[in-house]
Amino acid sequence: MKAVRRGFIKSIPILCSYLFVGMAYGMGVLG
């Protein structure tokens, strides 16, 4: 279970970067 939690914590920054890029791309297209 600890290994799973560690991997999840390590994947959070990647998810945040994907979300940020998606938002920036959406704003660029809409704006």
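Residues in the sequence shown are numbered from 11 upward in steps of one, following the working numbering.
Each residue gets a CB set at the ideal place from its N, CA and C atoms; glycine is no exception.
As the structure is a computational prediction, the values presented were derived from the model and not from experiment.
Worksheet item: Over what stretch of residues does the alpha helix (DSSP H) that includes residue 36 continue unbroken?
Response: 12–40
Fill in: Inter-residue Cα distance where the pair is residue 12 and residue 19
11 angstroms
Practice prompt. Give the straight-line distance between the Cα atoms of residue 33 and residue 39, rounded to the nearest whole angstrom.
Written response: 10 angstroms
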